[in-house]
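Notes follow once the structure below has been shown.
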Amino acid sequence: MSFINLKDKIVQVKIVYYGPGRCGKTTNLEYINRTYRKQIVSEMVSLKTHGDRTLFFDFLPFDMGQIKGYDVKIQLYTVPGQVKYNATRKLVLRGVDGIVFVADAMEKQREKNIRSLNQLHENLQSYKESIFRIPLVMQYNKVDLKEHGIPILPTEVLEKDLNSKLKVPYFEASAITGYNVAATLKKIISSSVISIQKKLL
Amino acid sequence: MNYGIVSQEQLEQIDLLLSEKLIKLGVDCVIIIDMAGNIITAKDNGESKYDVYSFAALAAGNFATVDAMAKLVGEQEFSLLFHKGQESNIHFSKIDDELLLISMFGRDISLGFLRLNVVDVIEKIRKIWEKR
Chain A
38 MSFINLKDKI
48 VQVKIVYYGP
58 GRCGKTTNLE
68 YINRTYRKQI
78 VSEMVSLKTH
88 GDRTLFFDFL
98 PFDMGQIKGY
108 DVKIQLYTVP
118 GQVKYNATRK
128 LVLRGVDGIV
138 FVADAMEKQR
148 EKNIRSLNQL
158 HENLQSYKES
168 IFRIPLVMQY
178 NKVDLKEHGI
188 PILPTEVLEK
198 DLNSKLKVPY
208 FEASAITGYN
218 VAATLKKIIS
228 SSVISIQKKL
238 L
Chain B
183 MNYGIVSQEQ
193 LEQIDLLLSE
203 KLIKLGVDCV
213 IIIDMAGNII
223 TAKDNGESKY
233 DVYSFAALAA
243 GNFATVDAMA
253 KLVGEQEFSL
263 LFHKGQESNI
273 HFSKIDDELL
283 LISMFGRDIS
293 LGFLRLNVVD
303 VIEKIRKIWE
313 KR
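Those protein sequence lines, which keep their order, are chains A and B.
Heads up, the first sequence is in my numbering, so the first residue is 38 and it goes up one at a time.
Heads up, the second sequence is in my numbering, so the first residue is 183 and it goes up one at a time.
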């Protein structure tokens, strides 16, 4: 549920990066924070454990300029990826407008991706939202590991595992080097804004 | 999915209420947010420089956590939350299932006096909000 302020002409759009533990959600936000520093007025907020794992969420507000006279404020969130934090993940999903599902392309993470996506489906249902309706973009992260000889899943396999029914836009990416991080972000922003426009018309 | 849209008139009424009833009292900053962490409106005394967007995200998370804890101990909700510091304090109060009123204030106001006024403001905001 994005909030639209008719008085100050501001639209707030909530985008959540979702995915299994250590897949690179926070790394996505950190890259965006570094690269678009000029558009970001406040500091990135990270609630994490001493071991640098996300405990609650990361938060990065971001001004996108104007659409039809309205200031669009994008609010980027991540969820904690660790299995035990599902209650917290659910809380972060409240009122979400668009989701980036960050999948870990490493071969050994195959099952974790699928499990995490299934849980996203369930969590959205608890808010009477549907994974088939909400703006969603897939990001197959860590493709750079291939160069280091670490076995990664071919995109076709990830597509079959995660996106065969959803059929949403997808990107191969490397959050650590920034490859396709911006492309993913642009895609989810445009899908979310279009979806909000459609619902309002 | 319901979209949170309030009219300009309603927002102006709410803003006026916050200024008259809380800022004039000596509250540094008042924010109304929804449970998703969006800001509905924010008013301050002109001196405080809080990053209200980050604040809203954290406050919504904080309140949601406390709400979940309430359910774990068999309570329907904890509708009020208060954090006390050396120089500044934060008071959270639920307006309805979707909205939260947050007041930040210093040492000049007593908690009791603030609470009395917050209750009054919330009553009035509910009435304005119902007209959506």
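Here a beta-carbon is modelled for each residue, glycine too, at the ideal position from N, C-alpha and C.
Simplified DSSP assignment, three categories, for residue i
{"i": "Val194/A", "result": "helix"}
{"i": "Gln195/B", "result": "helix"}
{"i": "Ala224/B", "result": "strand"}
{"i": "Ser229/A", "result": "helix"}
{"i": "Ile151/A", "result": "helix"}
{"i": "Met183/B", "result": "Per-residue confidence for Met183/B stands at a pLDDT of 32, beneath the threshold of 50, marking its modelled position as unreliable; no derived number is given."}
{"i": "Glu159/A", "result": "helix"}
{"i": "Val120/A", "result": "helix"}
{"i": "Asp181/A", "result": "helix"}
{"i": "Lys202/A", "result": "coil"}
{"i": "Lys85/A", "result": "strand"}
{"i": "Lys51/A", "result": "strand"}
{"i": "Lys231/B", "result": "coil"}
{"i": "Tyr164/A", "result": "coil"}
{"i": "Glu280/B", "result": "coil"}
{"i": "Lys105/A", "result": "coil"}
{"i": "Ile176/A", "result": "It is Gln, not Ile, that sits at residue 176/A in the sequence shown. If DSSP states are grouped into helix, strand and coil, Gln176/A belongs with the strands."}
Beta-carbon gap between residue i and residue j smaller than 9 Å
{"i": "Ala242/B", "j": "Arg126/A", "result": "no"}
{"i": "Gly58/A", "j": "Val120/A", "result": "yes"}
{"i": "Ile222/B", "j": "Phe40/A", "result": "yes"}
{"i": "Ala212/A", "j": "Tyr122/A", "result": "no"}
{"i": "Ser285/B", "j": "Leu199/B", "result": "no"}
{"i": "Glu194/B", "j": "Lys44/A", "result": "yes"}
{"i": "Ser230/B", "j": "Asp210/B", "result": "yes"}
{"i": "Lys262/A", "j": "Gly219/B", "result": "This structure leaves residue 262/A out entirely; chain A is present only between 38 and 238."}
{"i": "Leu161/A", "j": "Ser153/A", "result": "no"}
{"i": "Tyr177/A", "j": "Leu203/A", "result": "no"}
{"i": "Glu61/A", "j": "Asp141/A", "result": "Checking the displayed sequence, the identity of residue 61/A turns out to be Gly instead of Glu. In this structure, Asp141/A lies closer than 9 Å to Gly61/A by Cβ."}
{"i": "Ile151/A", "j": "Asp198/A", "result": "yes"}
{"i": "Asn70/A", "j": "Val188/B", "result": "no"}
Neighbourhood of residue i by C-beta, 8 Å cutoff - its chain only, sequence neighbours within 5 removed
{"i": "Val174/A", "result": "Gly135, Ile136, Val137, Phe138, Val205, Pro206, Tyr207, Phe208, Thr221, Lys224, Ile225 and Ser228"}
{"i": "Pro98/A", "result": "Ile77, Val78, Ser79, Lys110, Ile111, Gln112 and Leu113"}
{"i": "Met183/B", "result": "Its pLDDT being 32, under 50, Met183/B is placed unreliably in this model, and the coordinates cannot settle the point."}
{"i": "Gly288/B", "result": "Gly208, Asp210, Glu269, Ser270 and Asn271"}
Own chain partners of residue i with C-beta closer than 6 Å, once the 5 adjacent residues on each side are dropped
{"i": "Tyr55/A", "result": "Val116, Ile136, Phe138 and Leu157"}
{"i": "Gly208/B", "result": "Asp290 and Ile291"}
{"i": "Gln192/B", "result": "Ile310"}
{"i": "Ala224/B", "result": "Ile213 and Val234"}
Beta-carbon neighbours of residue i, restricted to chain A and to distances below 9 Å
{"i": "Leu193/B", "result": "Asn42, Leu43, Lys44 and Asp45"}
{"i": "Met286/B", "result": "Per Cβ cutoff of 9 Å: no residues; Met286/B is ~16 Å from chain A at best."}
{"i": "Ile222/B", "result": "Phe40 and Asn42"}
Boundaries of the alpha helix (DSSP H) in which residue i is found, first to last residue
{"i": "Phe260/B", "result": "Careful: Phe260/B lies outside any alpha helix (DSSP H) and carries neither H nor E."}
{"i": "Tyr235/B", "result": "Val234 to Leu254"}
{"i": "Asn299/B", "result": "Leu293 to Glu312"}
Close Cβ partners of residue i (< 7 Å) along its chain, the five nearest in sequence each way excluded
{"i": "His265/B", "result": "Asn271 and Ile272"}
{"i": "Glu144/A", "result": "Pro188, Ile189 and Leu190"}
{"i": "Tyr164/A", "result": "Leu130 and Arg131"}
{"i": "Ile304/B", "result": "Ser275, Ile277 and Leu283"}
Span of the beta strand (DSSP E), counted from its first residue to its last, around residue i
{"i": "His273/B", "result": "Asn271 to Lys276"}
{"i": "Leu204/B", "result": "Unbroken run through Leu204/B: none, as it is neither H nor E."}
{"i": "Ile77/A", "result": "Premise fails: Ile77/A is in no beta strand (DSSP E) and is neither H nor E."}
{"i": "Gly135/A", "result": "Gly135 to Asp141"}
{"i": "Asp45/A", "result": "Looking at the DSSP string, Asp45/A is not in any beta strand (DSSP E), and its letter there is neither H nor E."}
{"i": "Cys211/B", "result": "Cys211 to Asp216"}
{"i": "Glu209/A", "result": "Tyr207 to Glu209"}
Contact set between residue i and chain B, taken where Cβ atoms lie within less than 8 Å
{"i": "Pro98/A", "result": "Tyr235, Ser236 and Ala239"}
{"i": "Ser79/A", "result": "Asp233, Tyr235 and Ser236"}
{"i": "Gln112/A", "result": "Gly219, Asn220, Tyr235 and Ala239"}
{"i": "Lys51/A", "result": "Ala218, Gly219 and Asn220"}
Cross-chain neighbours of residue i in chain B, by beta carbon under 9 Å
{"i": "Gly118/A", "result": "None at all; the shortest Cβ gap to chain B is about 16 Å."}
Under 7 Å from the C-beta of residue i: neighbouring residues of chain A
{"i": "Lys189/B", "result": "Rather than Lys, the amino acid found at residue 189/B in this sequence is Ser. Residues of chain A passing the Cβ test: Leu43."}
{"i": "Gly243/B", "result": "Phe93, Phe94 and Leu128"}
Beta-carbon neighbours of residue i, restricted to chain B and to distances below 7 Å
{"i": "Val82/A", "result": "Ser236, Ala239 and Leu240"}
Amino acids of chain A, ordered along the chain, whose beta-carbon sits closer than 8 Å to that of residue i
{"i": "Met217/B", "result": "Arg131 and Gly132"}
{"i": "Ala252/B", "result": "Per Cβ cutoff of 8 Å: no residues; Ala252/B is ~13 Å from chain A at best."}
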